[in-house]
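Engineer:
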Ligand SMILES: [Zn+2]
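Numbering (the numbering used here), first residue to last: 16 to 472.
1) I want to check one thing, is the minimum distance from the CB of residue 141 to the heavy atoms of ligand 1 below 7 Å?
2) Chain C beta carbons: is any one of them nearer than 8 Å to that of residue 356?
3) Can you name the residues that DSSP bridges to residue 438?
4) Rounded to a whole number of angstroms, what is the C-alpha to C-alpha distance between residue 65 and residue 439?
5) Within 10 angstroms of the Cβ of residue 471, are there 16 or more other Cβ atoms? Answer buried if so, exposed if not.
6) Which of the three DSSP states, helix, strand or coil, is assigned to residue 423?
7) Taking all protein chains shown into account, do 16 or more other C-beta atoms lie within 10 angstroms of the C-beta of residue 382, making it buried, or fewer, making it exposed?
8) Should residue 337 go down as buried or exposed, given a rule of 16 or more other Cβ atoms within 10 Å for buried?
9) Closest to residue 22 by CA distance: which of 151, 353 and 41 is it?
10) Check this for me: beta carbons of residue 303 and residue 278, under 8 Å apart or not?
11) At a cut of 8 Å, does the segment 395–412 reach the segment 316–325 through at least three beta carbon pairs?
12) Taking C-beta to C-beta, are residue 206 and residue 157 nearer than 8 Å?
13) Excluding the 5 residues flanking residue 373 on each side, which residues of the same chain have their C-beta closer than 6 Å to its C-beta?
14) According to the Cβ coordinates, are residue 131 and residue 441 closer than 8 Å?
15) Give a yes or no on whether the C-beta atoms belonging to residue 8 and residue 141 are separated by under 8 Å.
16) Which one of 108, 100 and 44 has the shortest CA to CA distance from residue 91?
17) Fully enclosed by the segment 21–62, which alpha helix (DSSP H) runs are 4 residues long or longer?
18) Have a look at the DSSP bridge pairing and note the partners of residue 248.
19) Counting only the same chain and skipping the five closest in sequence on each side, list residues whose C-beta sits under 6 Å from that of residue 415.
Printed below as a string of structure tokens:
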């Protein structure tokens, strides 16, 4: 028996290819799939309806999809607040190199809790700091995501270019080339699920051109393609990175990535702020995806990514919060709003992005860059039941003319319910499967323990 949940009397933004919306509509969930979406009440006479939700005053959208994050940074928030990227990294690497498994577990729980209670249904973590003998960090992160009930991609990161090889991280913070590749392959073998309704996937994710050897990029790309998994890294984030690439490799970041096998429809890259027309054309030609992180780019004074130009060229673009050491809020709604507002400060002014486009970046666009657009990212029959009921019947939103405008331009809307794979994970803003207060306590303790260890070192 497939159990059905009926949601009705709500505004619906499907984010399908035609941007179909219903001022008053319904969504029917059957098992872990969306069975129907449409105008008016749900079809009559449905069998096995276990729950009927009157969602008056709500907007229902696909769940938000986060495409770039570093969970461990949850316990190093509020440090180096007035630095650019390279100075910020150099200030924080020595602390980050002291993380252990209990700290990473607590930080992952904190990051995931913030994501999930704000309407994220598909999350990801780019984890690239693996100190020697620090335990099973990948297992701890994946376990936290399972416990929370969110769909999840672990981008198994790595660094092997330290100061002695002209890189930015200190020598003690990196892995060997062979060690990083072997551990990444083992993580794929243990955790990657290729199925349509997979809750856990793994991507191969060397950290960045200035912390990774050319061999690790090349061999990482070969590994990912041999295993049929995706590739993720940071690219073209700052002017300093561009200079670094030109000095060390004799070319800019995009050309360097292309020379190492890192452009393709199975690749997505965080930031992509400093891209010229030919870089954008290369991403469009190869369907390489972008994780746009406007808050982090602003905090680190990196610049404004050319999102309207990328979209016009056909580049897949999703949104990312980035690690919370460069975006203390850690919630994705801010990125919808900031993507829209910050891009309007760029060349295209008021035509840069609209509210519907911002919602698409945060849902379908994210699913595209994570390689999950067939399964999630829009409300369509047959897709996975990953969706959010936003309460717009509030002081903050009730007088805003249009529900999608209220969601994107307005204050963060309360999440009345969030479903992942047909299972409810949030009710009235509270997580159903974990204790938020306990997580807050354990993350504070982990942050203090890490600060004390780093101060002694
Ligand atoms: Zn990042």
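Yeah, the Cβ is synthetic: ideal placement off N, Cα and C, and Gly gets one too. This structure is a prediction, so every number in the text was calculated from the model and none was measured.
Structural biologist: According to the structure data:
1) Shortest gap from the CB of residue 141 to any heavy atom of ligand 1: under 7 Å.
2) Reference to chain C is not applicable here, since this structure consists of a single protein chain.
3) Note: residue 438 sits in a beta bridge opposite 435.
4) Spanning the alpha carbons of residue 65 and residue 439 requires a straight line of approximately 13 Å.
5) It is exposed - the Cβ of residue 471 has fewer than 16 other Cβ atoms within 10 Å.
6) Helix, per DSSP.
7) Residue 382 is buried by the Cβ-count criterion.
8) Around the C-beta of residue 337, 16 or more other C-beta atoms lie within 10 Å, and the residue is accordingly described as buried.
9) It is 41 whose Cα lies nearest to the Cα of residue 22.
10) Yes.
11) No, because fewer than three Cβ pairs between the segment 395–412 and the segment 316–325 fall closer than 8 Å, the two stretches do not touch.
12) The beta carbons of residue 206 and residue 157 sit closer together than 8 Å.
13) The answer, listed in chain order, is 351, 354, 355 and 423.
14) The answer is yes: Cβ separation under 8 Å.
15) Residue 8 falls outside the range modelled here, since the chain spans only 16 to 472, and no answer is possible.
16) Minimum Cα distance to residue 91 is reached at 108.
17) As for any alpha helix (DSSP H) of minimum length 4 sitting wholly inside the segment 21–62, there is none.
18) Paired residue(s): 284.
19) Counting only Cβ-Cβ distances below 6 Å, and skipping sequence neighbours, we find 421 and 425.
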